[in-house]
Amino acid sequence: KAGVTQTPRYLIKTRGQQVTLSCSPISGHRSVSWYQQTPGQGLQFLFEYFSETQRNKGNFPGRFSGRQFSNSRSEMNVSTLELGDSALYLCASSFLGKDTQYFGPGTRLTVL
Amino acid sequence: AQKVTQAQTEISVVEKEDVTLDCVYETRDTTYYLFWYKQPPSGELVFLIRRNSFDEQNEISGRYSWNFQKSTSSFNFTITASQVVDSAVYFCALSEASETSGSRLTFGEGTQLTVNP
Chain A
696 KAGVTQTPRY
706 LIKTRGQQVT
716 LSCSPISGHR
726 SVSWYQQTPG
736 QGLQFLFEYF
746 SETQRNKGNF
756 PGRFSGRQFS
766 NSRSEMNVST
776 LELGDSALYL
786 CASSFLGKDT
796 QYFGPGTRLT
806 VL
Chain B
434 AQKVTQAQTE
444 ISVVEKEDVT
454 LDCVYETRDT
464 TYYLFWYKQP
474 PSGELVFLIR
484 RNSFDEQNEI
494 SGRYSWNFQK
504 STSSFNFTIT
514 ASQVVDSAVY
524 FCALSEASET
534 SGSRLTFGEG
544 TQLTVNP
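This is the structure:
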């Protein structure tokens with residue numbers, strides 16, 4: 696089975712712009728979760744989508760949003776980028792959400 | 434609220450040494466899941482093990498073993514006869530079983546393991 700894929704792998708944006716990251720889960724997995732990893736804050740949960748519905752949300756501002764499509768692919772969007780949004784964004788998929796989450800390679804976002 | 438603590442920020446060993454990575458967790462749930470992930474320099478988190486709170490049996494997988502002790506809220510990870518390829522950041526994580534927590538993983542700060550030849 697193919698693993699979790701994320702595109703793009705690297706992204707450079709400037710402050711104030713917006714960005715969309717994409718995640719394709721393992722085939723058959725219906726839950727997709729997003730995490731932000733920074734040197735200062737570590738790995739933090741952003742949100743989870745299951746069957747096209749946001750099921751859980753972490754403590755991030757409304758500039759961070761996401762969605763899930765009927766094929767379970769997910770996108771996350773960050774509007775009005777700030778320097779502090781520079782991070783590795785990891786996507787994880789699981790069959791139902793409570794089982795093991797498998798991670799993709801991440802998208803490294805740099806905000807200048 | 435749940436919390437995971439990995440007190441060892443960095444560990445450096447020489448190849449073939451055994452090394453134990455510590456993980457202590459806090460949760461109010463009686464049902465929860467514990468995980469270990471490995472993050473090599475490439476950045477991807479690689480799943481190593483998942484344990485539920487009702488299964489305190491220790492587990493061994495090749496050179497890896499895990500010791501789960503509910504009495505001390507610890508879930509430690511030992512690598513026997515370490516190898517250079519084991520060099521990575523290792524994360525311990527907790528997921529609560531309650532419906533409101535969904536699939537949220539709470540991660541520890543990670544332990545950077547360096548195995549020198």
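Protein sequence lines, in the order shown, are assigned to chains A and B. Position in the first sequence counted from 1, then plus 695, gives you this note's numbering. Position in the second sequence counted from 1, then plus 433, gives you this note's numbering. From the three backbone atoms N, C-alpha and C, an ideal C-beta is built for every residue, glycine too. Note that the structure is predicted; figures quoted are calculated from it, not measured.
For A:LEU716, the enclosing beta strand (DSSP E) covers residues 714 to 719. A:LEU778 carries a helical assignment under DSSP once its states are collapsed to helix, strand and coil. Exposure of A:GLY735 is indicated by the presence of fewer than 16 other C-beta atoms within 10 angstroms of its C-beta. Among the residues facing chain A, B:GLY495 is not included, as its CB has no counterpart in that chain under 8 Å away. In the DSSP assignment, A:GLN732 falls within the beta strand (DSSP E) that extends over 726 to 733.
At a cut-off of 8 Å between beta-carbon atoms, A:ASN751 makes contact with chain B. Listed by position along chain A, the residues whose Cβ is nearer than 8 Å to that of B:ALA530 are LYS793. A:LYS793 is classed as buried because its beta carbon has at least 16 other beta carbons within 10 Å across all chains shown. Taking a contact as a CB-CB distance under 8 Å, the pair A:VAL714 and A:LEU783 does not count as one, their CB atoms being some 14 Å apart.
Ranked by Cα distance from B:GLN472, the first of A:ILE707, A:PHE759, A:GLY801 is A:GLY801.
With a threshold of 16 other beta carbon atoms within 10 Å, B:VAL447 falls short and is exposed. By a beta-carbon distance limit of 8 Å, B:TYR523 contacts B:GLY543. Their separation comes to about 7 Å. Shown in chain order are the members of the segment 716 to 737 of chain A whose Cβ falls below 7 Å from a Cβ of chain B: SER726, SER728, GLY737. At a beta-carbon threshold of 9 Å, the residues of chain B lying near A:LEU783 are GLY476, ordered along the chain. Neighbours of A:TYR797 across chain B, judged by C-beta separation under 7 Å: PHE480.
Interface flag for B:PHE508 against chain A is unset, since no Cβ pair is found closer than 8 Å.
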